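Counting in our numbering, the sequence shown runs from 581 upward without gaps. Idealized CB from N, CA, C, for every residue including glycine. Small disclaimer: the values here were computed from a predicted structure and weren't measured. So the structure is just underneath, and the comments pick up after that.
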Amino acid sequence: MAGLARSIAAAILLLWMTTLGLAADRVVIVLDASGSMWAQIDGTPKLEIARQSLRTVLQSVPADKEIGFMAYGHREKGSCEDIELIVPPQAGSAGAVSAAADSLKFLGKTPLTSAVKQAAEALKYTEDKATVILITDGLETCKGDPCALGKELKAAGVDFTVNVVGFGLTADEGKQVACLADNTGGKYIQASDEKALQDALVETIAVAPAPAPEPAPAPAPASAPELPEVNFMPAVVLAEGGDPVTDGNSWEIYKAKSDGTRGDYVTTEYGAYKGNLEPGDYTIVARYGEARTEQKITVEAGQVYKPLLTLNAGTLIIHPRPSEGADVADGAAVVIAYPGVDTPATYYGDTKVVLPAGDQKVTVRIGQGEVTKTIPLTAGRIVDKDIIVGVGHVIANAYYTAGGDKADGSGIGFKVFKARKKIDGTRQEVAHAYGPDSKFDLPPDDYVLTATVELAVAEQPFSVKAGENQDLKIALNAGVLAITAPGASKIEIFDPKKDINGNRKSLGYAYDEKYQAALPAGDYAVVSQMLDNSSKESTVTIKAGERVELTVQ
């Protein structure tokens, strides 16, 4: 996952640096927060890869660049209007964008066409140069036409561009959103896996503008010294006296202003970099992992510069395990709140990261279990550590009757509660999941599991010990009722017993001629509301583990 996250970050960074290198325009990042972002790549939810990629990119963006952030599908399920400009375009907003992405819920649909249009309007694209970067893992689901929108925005805008990152899309799916970039003169990058991303980057690297014609060279003085082919060869080490880092590091180069602060962005390079800088003042930023340092230099004509930058950093390796002796939990979240950064970084499974020297606060989460450790890290050293969360693993399934058929259709839900009741008589909900073979990682304690299959509900107490694996089979004592009522507009199931006021409790209904539901064993009344406003009532008995088919004539 870490490799894919870095690749996706590189794709977004390519789009971002291309945007910044062309002009000082304003940018809005639009993130797909639909429910499909819970899908996993190599065992990691797409939404976490996107969050980490954004965090990595934003650390490389100059603080004076104006960034906005918009999301869709993060507040409501099934809504095509769920679009929100969370961070307006403004300078110094990188931290706010990262925090906003980390706090999103991923729930709804994919109104990407409307979102891009709203982002363009927020940038006042008809008045100023503007760029939108769309990160989506799905296609339009709200009847928008992204291709037509691209042409409309390009025609009305002042140098307006949309860049699109297709996150996990197939080639055919990518074509359906690539037109949004193509029709505005932007770039489309396919990011379905690491190799595909690398190929996409090769195809979409921005072509530098043609240099201005050079004036005719003046006659060189007879004694003019030969200029060096390379005048800048920086090196970076983790600690003083250490070996230079030559792979996985990056260099950001900026012009330096007269007051010593960063000026215009020049370039970003990687690894063992050698290049040429024109005479002038520069700020050089070296990054490796989560560590960074910077140094100011003045370049003079004919001189060669080999600055050595020291990160004052070490390497932290974390192996998250659910219990002593257990295998590493690949889905474990490893959250590191390293010094100098407001938003902690999150990794998954075995984690190896370069961090600034100092005390590192590391939190590991496996399911509902969580443990936090403070780990001292010395510059130039490697700390390799197991972190034991101490959870047990539970797989839950529901059965219509003990030893009977397993409930494996839709509408199955499980909830885990603390067994001990609160003072008001309720229990604290700990976790929930849907579908058969639902999995829970829980700290040692006493719990109650509730299983819901349509209209049938049952509960079962259980206990968890660290390192223990158990299968929970909860018996619903229920059957299935299938009702057919030709000509009905509504079918409703009632408890046959009336309360003191003569009313019966409604248990479930459907506006259809057919209705099927799981029900606890017992007697029920079925009322069919017909299209002519008449009604028909039937009684039925449900037995555990059996199916009853009722036809209302």
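With residue i and residue j assumed to form a contact (beta carbons below 8 angstroms), what rounded beta-carbon distance in angstroms separates them?
i	j	result
VAL934	THR895	5 angstroms
GLU707	VAL738	6 angstroms
VAL817	LEU891	7 angstroms
ILE975	LEU1061	In fact, because the Cβ distance is near 28 angstroms, the residues do not count as touching under 8 angstroms.
VAL744	LEU714	5 angstroms
ALA613	GLY653	5 angstroms
PRO936	PRO919	6 angstroms
THR848	SER640	7 angstroms
Would you mind stating whether residue i and residue j have Cβ atoms separated by less than 9 angstroms?
i	j	result
PHE1020	GLN948	yes
PRO669	GLY648	yes
THR943	LYS932	no
ALA1058	ALA1038	yes
GLY766	GLY828	no
LEU749	LEU729	no
THR1119	GLU1093	no
ASP1017	PHE1042	no
VAL742	VAL696	yes
ARG606	ALA761	no
ALA1046	PRO887	no
ALA681	ALA751	no
SER1069	GLN1109	yes
GLU661	ALA913	no
PHE740	TYR768	no
ALA671	LYS689	no
TYR980	ALA1055	yes
GLY983	VAL1044	no
VAL865	PRO808	no
LEU957	ASP985	no
VAL1028	ALA987	no
GLU820	ALA959	yes
GLY724	SER694	yes
GLY746	ASP717	yes
GLY1082	LEU1111	no
I'd like the list of long-range same chain contacts for residue i, defined as Cβ closer than 6 angstroms, with 5 residues on each side in sequence excluded.
i	result
LYS876	ALA836 and THR863
ASP910	GLY623 and GLY929
GLU1034	GLY991, ALA1097 and ALA1098
ALA699	VAL608, VAL610, MET650 and VAL712
ALA815	PRO824 and LEU888
ARG867	SER830
ALA676	VAL667
Excluding the five sequence neighbours on either side, which residues of its own chain have a C-beta within less than 7 angstroms of the C-beta of residue i, listed in chain order?
i	result
LEU857	ASN811, PHE812 and VAL879
ALA1101	ASN1057, ALA1058, GLY1059, ILE1122, LYS1123 and ALA1124
GLU1072	SER1086, TYR1089 and VAL1107
ASN763	CYS727, GLY730, LYS731 and LYS734
GLY851	THR826, ASP827 and ASN829
ASP966	HIS899 and ARG901
LYS1001	ARG1007
ALA1166	Nothing in the structure corresponds to residue 1166, since the chain is present only between 581 and 1133.
GLU1126	GLY1059
THR1131	THR1064
ALA1036	LEU1056, ALA1058, ALA1098, LEU1099 and PRO1100
Which residues in the same chain have their Cβ closer than 8 angstroms to the Cβ of residue i, if we skip the five residues on either side of it in sequence?
i	result
ALA1011	GLY947, GLN948, LYS995, VAL996, PHE1020 and LEU1022
PRO1076	ARG1084, ASP1103, TYR1104, ALA1105 and THR1119
SER673	GLU646, ILE647, GLY648, PHE649 and VAL667
ASP907	ARG901
So if DSSP puts residue i in a beta bridge, which residue, or which two residues, is it bridged to?
i	result
PRO956	ASP939
HIS1012	LYS995
ARG1084	LYS1078
ASN811	Partner(s): none; ASN811 has no beta bridge.
THR841	Partner(s): none; THR841 has no beta bridge.
GLY949	ILE946
VAL742	VAL712
ASN1049	HIS973
PRO1041	VAL1028
SER1108	ILE1071 and LYS1116
ALA1055	TYR979
ILE1003	The partner list for ILE1003 (beta bridge, DSSP) is empty, contrary to what the question assumes.
TYR1089	GLU1072
GLY1102	ILE1122
LEU896	VAL933 and VAL963
GLN1096	ALA1062
ASP612	TYR652
Counting only beta-carbon atoms, is residue i nearer than 9 angstroms to chain D?
i	result
MET650	Within the model displayed, chain D is absent; a lone protein chain is all it includes.
Comparing the CB of residue i with every heavy atom of the ligand COA, is any distance shorter than 8 angstroms?
i	result
VAL1106	Among the components modelled here there is no ligand, and therefore nothing to report on the ligand COA.
Note down, one range per segment and in chain order, each beta strand (DSSP E) of at least 3 residues found wholly within the stretch 693-725. 710-716
Hey, which unbroken runs of the alpha helix (DSSP H) at 4 residues or more fall wholly within the stretch 630-688? 674-683
May I have a chain-ordered list of the beta strand (DSSP E) segments no shorter than 3 residues that lie completely inside the stretch 856-889? Annotation note: the stretch 856-889 contains the following uninterrupted beta strand (DSSP E) runs of length 3 or greater, listed N- to C-terminal: 860-868 and 871-879.
Run through the stretch 744-768 for me and flag every whole beta strand (DSSP E) of 3 or more residues, listed as ranges in chain order. none
Going along the chain, which unbroken runs of the alpha helix (DSSP H) with 4 or more residues stay wholly within the stretch 905-931? none
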